[in-house]
């Protein structure tokens, strides 16, 4: 049908057969007037585009432009709404107006909503866009002509072995295996073949991983042999080479503190060296070891005299003594400075020894290092190995700012092989620094070339994690206070970490105060502890006498009751404190003549402690028998050919009496100003615990703080 015939038939349609659809409106005006649509002009303005027929859709049917020309549009009149419909419409309108008022609109700008990333040629190809639209891949090079060949690597012969040891005994974690420090060559082995088969970028990393794994297996084997060796010897009826402590009878006939005595002295090396610090090795270490720190010969003369001589006598010295062979020290450690405090690192780094120096540095020695790495010195016609520090902080850039003498150095165990412990160092002017000890593998140690404090060949170092920790009430002030100013600095002498939370610690300071600090966060109150006497309280308030208040010279936390601790003062006062109260639970005024040099709790009895004063008098307090005065005192001023030997330091501990049986021997060590050291084992009355003394200390200090 042509267009002309279609147009003529379309104009002949009648509108009578078409009825408009009624829309269901809820809201309509009450009256609707008939309106007419604007007429379409007969002649439209000329347009650049050609004329084309218009189609208008009205009531569902199309009409031509010719039929609408000059005709008004008829709009049907809607019937009026009933009363019910009007009421419903008003109700809906009212609800709609209320909802509109409750709505609030905000205009939000969205930046870069339609930004598309630039497409690469490969992206356009994979999506079929751009120049690749409508195209398809004809062929792909899949290397079908490649030939399969056999591997030329020879198969390695291996055998299966079995062991009766439990699989989980002395096992190592993956992190411990990665930190193994033994270097094993993998050339010509299965490790070399496996590493060579890898691509070049990952070959070195795989070689390191395989090497460390083999080193970890050797460490596991060595640990297993140390455990299984004594069992195998016992099964074969062969007695192991056990180490026993041999003691001489006490000259006092057992009437004093000691039941036996062993003297530690090497006159050629240690004569006239003052003993400055003492430390016991862990009782579970297997060997009865004692660490002794000595000052230079003639240290009382001052630094000017020491600078004139550059021999071994003018250097600081530390000796590791094995009480099963006390004729000579097991190891001799040399330092350029004068040691003031020392100790053994906890397991698993029990072979590391640390010491704080009078010049402000901290030094470490590794006893497992080969003696070939250290020089030898001729002493008394014998050649001995003098170990130099494996690491020292004396080369640190901030040493000039913290060059105060280190008065206390304490190790807090962490239980990790790579980072076995923290070290808390306290300077004479209240500066507390926290160090972490790192045990490095041979590969890691070789890569650490920027640390000036690490000696060549060493595998241990210190990293400072916190410095200038604020103490006492100063911790509540603003954080921008400089702890190095004279208005803030306090004289301090002793530091003790708290057993229940090693991040918190106690520091003995001047004014009779014991300050509490924390290197993580803020320590809970009370921040300061004072002895309960009117003199100290009045002086701190500014209304007391003109005399200078006493300084705290010694601290020790009870190993049985962790919230109880002792404080000793330079005026001879001893106080027993509880962490829950700022004032002391009990005070013993002026019980030590000339001031307290050291005080320690007994390692065997919870209600017994010992006090060493400046007059070399060692006093024993037994709280289960007498709470007002010491029960026994003994002088440790020893006569010698050159004059009297004065006791300078004192330490208590427990050592393995027999390495085969594992029996412990409690005792104490006394050091003198002429280089002499005596180990004394406690008599029976200071070892056997009484049935009624378990709760004596708790009754005096109260319950544990919450």
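Numbering (the UniProt record's numbering), first residue to last: 1 to 706.
Cβ coordinates follow ideal geometry from the N, Cα and C atoms, glycine included.
Just to confirm my understanding: we take residue 528, look at its own chain, exclude 5 residues before and 5 after, and list those with CB closer than 8 angstroms. What are they? 472, 473, 513, 514, 515, 516 and 582
Close-in-space but distant-in-sequence residues of the same chain around residue 271 (CB under 6 angstroms, 5 per side omitted): 675
Keeping to the same chain, check which residues put their C-beta closer than 7 angstroms to that of residue 632; ignore five residues upstream and five downstream. 620
Smallest Cα separation from residue 317: which of 350, 606, 354 and 323? 354
According to DSSP, simplified to helix, strand and coil, what is residue 326? coil
Look at the Cβ atom of residue 715, then the Cβ atom of residue 680, and state whether they are nearer than 8 angstroms. There is no way to answer for residue 715, as the model of the chain reaches only from 1 to 706.
Residue 465 versus residue 689: straight-line alpha-carbon distance, rounded: 41 angstroms
Start and end residues, alpha helix (DSSP H) containing residue 268: 267–270
Backbone CA spacing between residue 215 and residue 221 [nearest angstrom]: Because residue 215 sits at a pLDDT of 47, beneath the cut-off of 50, its placement in the model cannot be relied upon, and the point is left open.
Just the C-alpha distance for residue 314 and residue 296, rounded to the nearest angstrom, thanks. 5 angstroms
Please classify residue 666: does DSSP put it in a helix, a strand, or coil? strand
In this structure, how does DSSP classify residue 202 when only helix, strand and coil are distinguished? Any answer about residue 202 is weak, because its pLDDT of 47 lies below 50 and its placement is not dependable; what the coordinates show is given next. Three-state DSSP puts residue 202 in a helix.
Beta-carbon gap between residue 556 and residue 588 smaller than 8 angstroms: no
Taking 8 angstroms as the cut-off, decide whether the C-beta atoms of residue 722 and residue 345 are in contact. Outside the shown range of the chain, which is 1 to 706, sits residue 722, and nothing can be said about it.
Exposure label - residue 310; buried when at least 16 CB within 10 Å: exposed
Bridge partners of residue 631, per DSSP? Partner(s): none; residue 631 has no beta bridge.
May I have the straight-line CA-CA distance separating residue 440 from residue 459, to the nearest angstrom? 5 angstroms
Going by DSSP in three states, residue 51 sits in which element: helix, strand or coil? Low local confidence applies: a pLDDT of 49 at residue 51 is under 50, so the model's placement there is unreliable, with the coordinate-based value given in what follows. Residue 51: coil per DSSP, three-state reduction.
Do the CB positions of residue 293 and residue 342 come within less than 8 angstroms of each other? yes
Can you give the Cα-Cα distance for residue 683 and residue 255, rounded to whole angstroms? 9 angstroms
Assigned exposure category for residue 77 - 16 Cβ within 10 Å defines buried: exposed
Out of 647, 593, 686 and 380, which has the shortest C-alpha to C-alpha gap to residue 269? 380
Determine the direct distance from the alpha carbon of residue 608 to that of residue 687, and round the result to whole angstroms. 10 angstroms
Residues that DSSP places opposite residue 622 in a beta bridge: 608
Helix, strand or coil at residue 491 [DSSP, three-state]: coil
Cβ-Cβ distance between residue 519 and residue 406 below 8 angstroms: no
Where does residue 572 sit, in a helix, a strand or coil, going by DSSP? coil
Look at the alpha carbon of residue 224 and the alpha carbon of residue 418, and state the distance between them as a whole number of angstroms. 20 angstroms
Which residues in the same chain as residue 592 place their Cβ atom closer than 6 angstroms to its Cβ, once the five residues preceding and following it in sequence are excluded? 572, 611 and 613
Residues near residue 385 by beta carbon distance below 6 angstroms, same chain, minus five either side: 371, 374 and 376
Residue burial classification, residue 75 (beta-carbon count within 10 angstroms, cutoff 16): exposed
Would you mind working out which of 461, 378 and 494 sits nearest residue 432, comparing C-alpha positions? 494
Three-state class that DSSP yields for residue 100 in the structure shown: helix
Spatial neighbours of residue 714 in its chain, beta-carbon cut-off 7 angstroms, leaving aside the 5 residues before and after: Nothing in the structure corresponds to residue 714, since the chain is present only between 1 and 706.
Whole-Å CB distance - residue 649 paired with residue 277, under 8 angstroms assumed: 6 angstroms
Is the Cβ-Cβ distance between residue 509 and residue 490 less than 8 angstroms? yes
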